[in-house]
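S.K.: Note that the sequence shown covers residues 28 to 343 in my numbering.
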Amino acid sequence: TRYAYDALGRRISKTTEPGAQQSTISTTTFYWNGDVLLSEINEGVSNTSSDGSTKPSRSYLFEPFSFKPLALVQHGHVYHYHTDHIGTPREITNARAEVVWSSTFKTYGALALAHVNEVDNPLRFQGQYYDEETGLNYNRHRYYDPNCGQFTTQDPIGLLGGMNAYQYAPNPMTWVDPWGLKGEEGTEVLALPAPKNSEPWMPGAPLISEPGPKGGMMIEMAMSPGQTRPGGWATTDNIPNVNYVRNELAVTPEFKPEVGTVQKFLIPEGVQIQRGTVGPQTFEGTVYAGGGSQVQILNYSDRAKLIPIGEPRPIN
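1. Entirely within the stretch 109 to 197 and at least 3 residues each: give me those beta strand (DSSP E) ranges in chain order.
2. Which partner residues does Thr279 have in the DSSP bridge list?
3. Mapping the DSSP letters down to three states, classify Asn224 as helix, strand or coil.
4. Kindly provide the ranges of any beta strand (DSSP E) runs that are 3 or more residues long and lie completely inside the stretch 288 to 323, ordered along the chain.
5. If distances are taken between C-alpha atoms only, which option among Thr28, Tyr135, Leu234, Tyr106 comes closest to Arg123?
6. Do Ser236 and Leu325 count as a contact pair if the criterion is CB distance below 9 Å?
7. How far does the alpha helix (DSSP H) with Arg273 in it reach, from first residue to last?
8. What is the DSSP secondary structure of Arg29, reduced to helix, strand or coil?
9. For Ser40, write down the residues that DSSP places opposite it in a beta bridge.
10. For Pro96, which beta-bridge partners are listed by DSSP?
11. To the nearest angstrom, how far is it from the Cα of Tyr327 to the Cα of Gln301?
12. Using a threshold of 9 Å, state whether the C-beta atoms of Ala232 and Val289 are closer than that.
13. Classify Asn198: buried if its beta carbon has 16 or more other beta carbons within 10 angstroms, exposed otherwise.
14. Might you give, ordered along the chain, the residues of its own chain that have their beta carbon closer than 6 Å to the beta carbon of Leu234, omitting 5 neighbours on each side?
15. Is the separation between the beta-carbon of Arg330 and that of Gly259 shorter than 9 Å?
16. Check whether the stretch 98 to 117 touches the stretch 167 to 176, counting contact only when three or more Cβ pairs, one atom from each stretch, lie closer than 8 Å.
17. Does the stretch 277 to 284 come close enough to the stretch 190 to 209 that 3 or more CB-CB pairs lie under 8 Å?
18. According to DSSP, simplified to helix, strand and coil, what is Arg330?
19. Where DSSP assigns a beta bridge to Met250, which residues make up the other side?
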């Protein structure tokens with residue numbers, strides 16, 4: 028089996044040569060939405076799984092800004108994931124609520140028992156994709172061996188990931204490592220990775236990571252038409268119009284095609300945030316300068332804790 032990667036290190040294809048399980052070359056091409064798997068396209072007459080069934084092309088749906096799977100779509104049918112407390116798939120059901128996939132895994136992710144396997148499911152711990160050719164799980168920056176509970180190579184970020192460069196997580200019952208870099212508490216996985224450079228932020232400007240202050244913090248959030256749930260980015264500025272959202276807050280049409288209203292929220296005391304100055308963004312040749320204030324809600328689960336203040340106000 029040969030693997031190919033793009034310039035960002037994401038695996039974009041795997042090609043399996045003729046062997047014991049198949050008589051012709053088969054290729055799986057992967058498409059990505061940032062660091063999250065978007066879809067896979069399977070090609071080759073004999074692209075079959077170990078049980079002889081044809082591997083379908085499929086798309087994956089995840090919780091917003093998360094690695095927790097919600098659904099997969101194949102042959103025009105939608106199948107729904109049911110995960111445990113750390114986002115590991117336990118069951119998949121069809122539109123009639125019938126279980127079409129169900130498995131039990133050992134502590135470090137090795138398959139213990141496949142109860143139902145009518146639909147193939149390669150997703151394992153958050154951010155992991157199982158390769159039946161090797162028995163390893165592709166984990167974005169590395170490969171993980173669930174049988175020994177270790178990565179197969181050293182951590183690309185060195186000791187920043189911990190003293191044991193091959194360790195998956197201190198406790199796989201409560202921790203996850205979607206990027207293959209550094210484990211996090213399963214309930215504290217970031218809605219988006221904490222910036223490791225200044226891309227969303229103004230270069231050279233202070234960037235502060237802290238819990239919400241005593242009494243909370245008032246913010247404003249630009250909302251798309253029909254949006255009711257808070258996102259992960261906001262501002263302490265007063266948003267006067269859509270032009271301010273596009274330019275001072277550098278919210279590009281790619282990120283939010285339409286802006287209809289502004290909603291005030293209170294960030295409760297203790298919620299972990301990151302705040303600084305909005306950096307410039309470019310989309311389709313247009314530069315959105317930034318310069319406004321920016322607040323990032325770091326933990327996805329904390330977004331549900333935001334308290335709406337008043338009614339949303341329309342802006343033009």
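Beta carbons are placed, not taken as given, at the ideal position from N, Cα and C, and that holds for glycine.
The structure presented is a predicted model; accordingly, all values stated were derived computationally and were not measured.
M.R.: To lay it out plainly:
1. 116 to 120, 126 to 132, 138 to 144, 156 to 158, 163 to 165, 170 to 172
2. Taking the first residue of the sequence shown as 1, we reach residue 279 at position 252. The partner list for Thr279 (beta bridge, DSSP) is empty, contrary to what the question assumes.
3. What you label residue 224 is simply residue 197 of the sequence shown in a count that begins at 1. Here the model assigns Asn224 a pLDDT of 41, short of 50, so the residue's position is not dependable, and the following value carries that caveat. Reduced to three states, the DSSP call for Asn224 is coil.
4. The qualifying runs are 288 to 294, 299 to 304, 308 to 310, 313 to 315.
5. Numbered from its first residue, the sequence shown carries residue 123 at position 96. If you compare the alpha carbons of Thr28, Tyr135, Leu234, Tyr106 with that of Arg123, the shortest gap goes to Tyr106.
6. As a position in the sequence shown, residue 325 is number 298, starting the count at 1. As a position in the sequence shown, residue 236 is number 209, starting the count at 1. For Leu325 and Ser236, yes; Cβs fall inside 9 Å.
7. Indexing the sequence shown from 1 puts residue 273 at position 246. Start and end: 269 to 274.
8. As a first step, residue 29 is located in the sequence shown; it is residue number 2 there, counting from the start. Arg29 falls in the strand class under three-state DSSP.
9. Looking up residue 40 in the sequence shown gives position 13. Secondary-structure assignment with DSSP links Ser40 through a beta bridge to Ala31, Thr56.
10. Counting from 1 along the sequence shown, the entry for residue 96 is found at position 69. In DSSP, Pro96 forms a bridge with Phe89.
11. Position 300 of the sequence shown, counting from 1, holds the residue named residue 327. Position 274 of the sequence shown, counting from 1, holds the residue named residue 301. Cα to Cα, Tyr327 sits roughly 13 Å from Gln301.
12. In the sequence shown, the residue the question calls residue 232 occupies position 205. In the sequence shown, the residue the question calls residue 289 occupies position 262. Contact flag unset, no.
13. Translated into positions along the sequence shown, residue 198 becomes position 171. Burial call: exposed.
14. The residue labelled residue 234 in the question sits at position 207 within the sequence shown. Answer for Leu234: Trp228, Gly303, listed in chain order.
15. Taking the sequence shown and counting its residues from 1, the one referred to as residue 330 is at position 303. Taking the sequence shown and counting its residues from 1, the one referred to as residue 259 is at position 232. Yes.
16. no
17. No: fewer than three Cβ pairs fall under 8 Å.
18. As a working mapping, residue 330 is identified with position 303 in the sequence shown. If DSSP states are grouped into helix, strand and coil, Arg330 belongs with the helices.
19. Within the sequence shown, the letter at position 223 stands for residue 250. The partner list for Met250 (beta bridge, DSSP) reads Thr288.
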